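Undergrad: By the count of the working numbering, the sequence shown reaches residue 217 at its end, each step adding exactly one. Submitted below is the structure of interest, expressed as structure tokens.
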Amino acid sequence: MDATTDIQPDSELFAVLTYAETEADRVLESGSPAPLDAIVWLSAHLAAFDRAVAPKLKRVRPDGGVLLRRQRAVAERMSRLLRIAERHHSGDALAAGLNPSRMGTALRRLIDEHVAVEAAIVDRMAQTLDRSACDEVVAAYRSALEHAPTRPHPHFAHGAVTFRVDALRDRMLDAMDGRHVPVPRVPRRWRVPGRWGSYLLGQPQSPPE
Numbered sequence: 009m010d011a012t013t014d015i016q017p018d019s020e021l022f023a024v025l026t027y028a029e030t031e032a033d034r035v036l037e038s039g040s041p042a043p044l045d046a047i048v049w050l051s052a053h054l055a056a057f058d059r060a061v062a063p064k065l066k067r068v069r070p071d072g073g074v075l076l077r078r079q080r081a082v083a084e085r086m087s088r089l090l091r092i093a094e095r096h097h098s099g100d101a102l103a104a105g106l107n108p109s110r111m112g113t114a115l116r117r118l119i120d121e122h123v124a125v126e127a128a129i130v131d132r133m134a135q136t137l138d139r140s141a142c143d144e145v146v147a148a149y150r151s152a153l154e155h156a157p158t159r160p161h162p163h164f165a166h167g168a169v170t171f172r173v174d175a176l177r178d179r180m181l182d183a184m185d186g187r188h189v190p191v192p193r194v195p196r197r198w199r200v201p202g203r204w205g206s207y208l209l210g211q212p213q214s215p216p217e
């Protein structure tokens, strides 16, 4: 990524917000045999940004709303291309004839464009928010990324309910497809099923002593 910015290289907020895009760009540049990994990184990032950063940005004056509209315009274009790329790499016959190299190049251009907008957003936040508020954005984004949808949703509606529904749906699809998910996930605690749970799962029951 070569987006120019006056953000300091050690800015935690900028580093956190662009980490997923850096990982996606690395996958695309390397010609990785797992191109869906880049799609997962970018899909989760866009959803997490909208969930955690957008609400705070709306309240940044004077131009937070303008920056958010710029970000969403790029995000919507990226989501549409991600959906096309996902169909191609998932074996959709209707997208089989598309050129993966050209799609990868187009995605990398959109990553650069999105990072440039994020640099302007971080710059504005650094000027208007105190350290505590910036730390809250970092924490909220990291948490959102751990729960975010992993597939592109080009026509998604903004909001907490949509975020949770899309995330649950994608988690189920990922499990059924055996899909690799490189983004950080919250570890799940597995519970030992009780008597009736074992019965429903068809597991053998120990005879009572």
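Even for Gly, the Cβ is constructed at its ideal location relative to N, Cα and C. For clarity, every value in this text was computed on a predicted model and none was experimentally measured.
Just list the alpha helix (DSSP H) runs in the segment 46-129, keeping only unbroken ones of 4 residues or longer that don't cross its boundaries, in chain order.
TA: 62-66 and 72-97
Undergrad: Smallest Cα separation from L65: which of R150, Q79 and D185?
TA: Q79
Undergrad: Can you find the residues in the same chain that come closer than 6 Å, C-beta to C-beta, to A148, ignoring five residues on each side of it along the sequence?
TA: Excluding positions up to five away in sequence, the list reads A60.
Undergrad: Is A55 close to chain E, meaning its C-beta is less than 8 Å from at least one C-beta of that chain?
TA: Here there is only one protein chain, and chain E is not present.
Undergrad: Find the nearest neighbour of W49 within the set A152, H166 and I129, judged by alpha-carbon distance.
TA: A152
Undergrad: Evaluate H155 with the Cβ neighbour count: other Cβ atoms within 10 Å of its Cβ, from every protein chain shown; 16 or more gives buried, anything less gives exposed.
TA: buried
Undergrad: Alpha carbon to alpha carbon, how far is A124 from D131? Give it in angstroms, no decimals.
TA: Take the alpha-carbon of D131 and the one of A124: they are about 11 Å apart.
Undergrad: Smallest Cα separation from L137: which of A32, P43 and P70?
TA: P70
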